[in-house]
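Protein chains in written order, with our numbering: chain A, 1 to 378; chain B, 379 to 756.
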């Protein structure tokens, strides 16, 4: 194998596939990055066996030349060293050549590195996924769906299925749901699809977080293929594979109240900042809990109390309040997570009593909702 | 005590004095910030008993009003809570009022915090320092002197005196020296002084690091007062006290070679980057050691070798080489630290043999030098 490549392109690709490489793997070759040079270009692969990422650098694209292949071939190089080396090379061009015995020479300017490589044949093969039943979604919308739900997955392995995000595809609509059993986040969106098949899968939260980091902010379409135990995300030069979680995701639809007894609308930013302030003195007390009470025709009071340190109280004006009076307590952290995910200027909160889960939504937008279970304190 | 103050000013002052507050102190009241309101303004104090910082916010300065005092007084508030609270207050103005029983009310907009305070009389008094024998140095120069020497202090407590920086003032010239016994950094500068007294003190490296963070980048003069066991740095609204280290600093002048056998000049940035690259494969081996050899009339070779991973070799052009041929090995980290501290475009390296300490300087500048002890490998 021998090729010359633009350093910038190589650095970017290495950085992308590194997101799948773990130093704590039990399979030694997975601490490496696989490099394959064909006539068409160079493919880099990283994997921790849960997530696999493949990045392709074409010899030429849109009239620009990125690489020149002198001899096709393949090698696996230690990811940690290879990624640091390419970042620090002195010139804009890099030559990579594999000699006999897997010895790899990396040249740039007057710097020459010799790295001991591993046989690429030893590297595990990525799953072969048939590209039927593809659906498509814009990158921006995909990233928003991830951001607005994935924070609510469980971090505990008590119920492993809850560490994933449930994706349901039905009638051309994708519903993404995450819950840790104390709160729930849901986002729906239309997707482009030719199939009438419906899917119901659970994707590890970690996979979606890594995918989100790797995708640029743009409106290009991402192709998504679901198989029995894998999901594949495809962009122009990137393949992102994740395993799916085994097991049935709980039916969350019955959790979500369909009617409410108290409804109010507040400014998102003002409300978020008041919760944030109240949480300063809640952290030391019961699990970061703040109190919320309706105190007039158009104002609510947020307070918290930490006997040793002190207390805080603040009134917020609401746009409208309908229904019964209410006192309720909830986790400041869950509320702040939910408010940050909603991203609207105003939010509507719908309560059905101090002991029942309540909903936070954007007024007149039924594609997104956040649900929180209250804490018993009053 | 009752006053109203500009939030920005308060946040800045709290941030400054927080640099002296440690959560791991054995004196409980030192986890607090002392607040004193007089007719002239508000003074905040933080201390971990090694470092004490006092920040003053005048009622009025340069025609701008920063505070209004309704009642003088004092209180100590939990630093961690107080600093987070003031940062997150909703409005540009803050009212602070101490009621009976040290209960302190902090109001801003509709937010109201009640914090349990402590009696300011319990707070340890700062050392009283007579303001004789002051010398002055511009803030920029002081920060440069710190940056160019403090990194070389010892991090080990085996010889506590070496965890400090030695300051010698003689004939209006201040010499700052730090060494961990493997390398040494020295910087000299003229200072403004009315006294002919000479000083020889050792300031904890940590104190100088914190001082450097707290000082703005400007050319205003800092007043420095040295007593038997304290040093005080004074700027317009800030007092920074540090204890001095006990004991005699070793005489380092005999360590510094006065003649050389090999002299060369290289471009600092090129040399630094080549060392950085070579260190990538040195980290795994013997204590981050790289090899350096003169390989021609105007080039040197930098290399390193990590049997399991691979090796790297690179040639660098020099501007001039005088004297004997040489092969030597040294710590890449020490060399990079020294090169970063020198800040010149070109550097001169002067060797007196492969087993002797060598000097790195800026050509024609004798106010700064870096010394490194080689490692025996050839």
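The beta carbon of each residue, even a glycine, is placed where N, CA and C say it ideally should be.
Let me know the secondary structure DSSP gives residue i once reduced to three states.
| i | result |
| --- | --- |
| residue 260 of chain A | coil |
| residue 571 of chain B | strand |
| residue 585 of chain B | helix |
| residue 462 of chain B | helix |
| residue 667 of chain B | strand |
| residue 578 of chain B | strand |
| residue 77 of chain A | strand |
| residue 480 of chain B | helix |
| residue 591 of chain B | helix |
| residue 254 of chain A | helix |
| residue 740 of chain B | coil |
| residue 27 of chain A | coil |
| residue 107 of chain A | strand |
| residue 183 of chain A | strand |
Which residues in the same chain have their Cβ closer than 7 Å to the Cβ of residue i, if we skip the five residues on either side of it in sequence?
| i | result |
| --- | --- |
| residue 263 of chain A | 322, 323, 348, 350 |
| residue 759 of chain B | Nothing in the structure corresponds to residue 759 of chain B, since chain B is present only between 379 and 756. |
| residue 145 of chain A | 176, 187, 189 |
| residue 89 of chain A | 7, 108, 111 |
| residue 69 of chain A | 3, 37, 39, 59 |
| residue 13 of chain A | 44, 55, 57 |
| residue 278 of chain A | 290, 302, 303, 304, 312, 314, 332 |
| residue 519 of chain B | 567 |
| residue 201 of chain A | 167, 226, 231, 244 |
| residue 419 of chain B | 434, 435, 436, 437, 445 |
Where do the ends of the beta strand (DSSP E) carrying residue i lie?
| i | result |
| --- | --- |
| residue 222 of chain A | 221-226 |
| residue 720 of chain B | First-last for residue 720 of chain B: 710-720, but that is the alpha helix (DSSP H), not the beta strand (DSSP E). |
| residue 430 of chain B | 429-436 |
| residue 391 of chain B | No beta strand (DSSP E) holds residue 391 of chain B; the alpha helix (DSSP H) holding it covers 385-396. |
| residue 428 of chain A | Chain A is shown from 1 up to 378; residue 428 of chain A falls before or after that span and cannot be answered. |
| residue 425 of chain B | 419-425 |
| residue 723 of chain B | Taken as a continuous stretch (DSSP letters only), residue 723 of chain B belongs to no beta strand (DSSP E), as it is neither H nor E. |
| residue 413 of chain B | 410-415 |
| residue 242 of chain A | 238-243 |
| residue 176 of chain A | 173-179 |
| residue 732 of chain B | Premise fails: residue 732 of chain B is in no beta strand (DSSP E) and is neither H nor E. |
| residue 232 of chain A | 230-235 |
| residue 152 of chain A | Counting along the chain, residue 152 of chain A falls outside any beta strand (DSSP E), and DSSP gives it neither H nor E. |
| residue 157 of chain A | From DSSP, residue 157 of chain A is part of no beta strand (DSSP E); its letter is neither H nor E. |
| residue 749 of chain B | 746-750 |
| residue 447 of chain B | 445-449 |
Just reading off the alpha helix (DSSP H) that residue i is part of, what are its end residues?
| i | result |
| --- | --- |
| residue 269 of chain A | 268-280 |
Just to check my reading of the structure: residue i and residue j have Cβ atoms closer than 8 Å, yes? What is that Cβ distance to the nearest angstrom?
| i | j | result |
| --- | --- | --- |
| residue 717 of chain B | residue 689 of chain B | The Cβ separation is near 23 Å, so there is no contact. |
| residue 71 of chain A | residue 1 of chain A | 6 Å |
| residue 521 of chain B | residue 590 of chain B | 5 Å |
| residue 588 of chain B | residue 405 of chain B | Actually they are not in contact, since the Cβ atoms of residue 588 of chain B and residue 405 of chain B sit about 18 Å apart, beyond 8 Å. |
| residue 630 of chain B | residue 720 of chain B | Wrong, their Cβ atoms sit about 18 Å apart, outside the cutoff. |
| residue 203 of chain A | residue 244 of chain A | 6 Å |
| residue 138 of chain A | residue 216 of chain A | Between residue 216 of chain A and residue 138 of chain A the Cβ distance is about 12 Å, and since that is not below 8 Å, they are no contact. |
| residue 451 of chain B | residue 476 of chain B | 6 Å |
Going by beta carbon distance, what residues of the same chain come within less than 8 Å of residue i, once the five residues before and after it are set aside?
| i | result |
| --- | --- |
| residue 319 of chain A | 264, 265, 266, 267, 298, 346 |
| residue 48 of chain A | 20, 21, 22, 25, 30 |
| residue 182 of chain A | 331, 334, 372, 373 |
| residue 273 of chain A | none |
| residue 481 of chain B | 492, 493, 494, 495 |
Take residue i and list the residues in its own chain whose beta-carbon comes closer than 6 Å to its own, dropping the five residues that flank it on each side.
| i | result |
| --- | --- |
| residue 234 of chain A | 223 |
| residue 34 of chain A | 45, 76, 120, 123 |
| residue 747 of chain B | 564, 737, 739 |
| residue 704 of chain B | 640, 672, 729 |
| residue 255 of chain A | none |
| residue 625 of chain B | 539 |
| residue 331 of chain B | Past the boundaries of the shown model lies residue 331 of chain B; chain B is included only from 379 to 756, so the question cannot be answered. |
| residue 529 of chain B | 715 |
| residue 461 of chain B | 392, 396 |
Next on the checklist: For a minimum of 4 consecutive residues, which ranges assigned as the alpha helix (DSSP H) are wholly contained in the segment 494-521 of chain B?
Outcome noted: Within the segment 494-521 of chain B, complete alpha helix (DSSP H) segments of at least 4 residues are not found at all.
- Length-filtered (3 minimum) beta strand (DSSP E) runs lying within the segment 671-706 of chain B: Runs of beta strand (DSSP E) with 3 or more residues, each lying fully within the segment 671-706 of chain B, are found at 677-684, 688-695, 698-701, listed in chain order.
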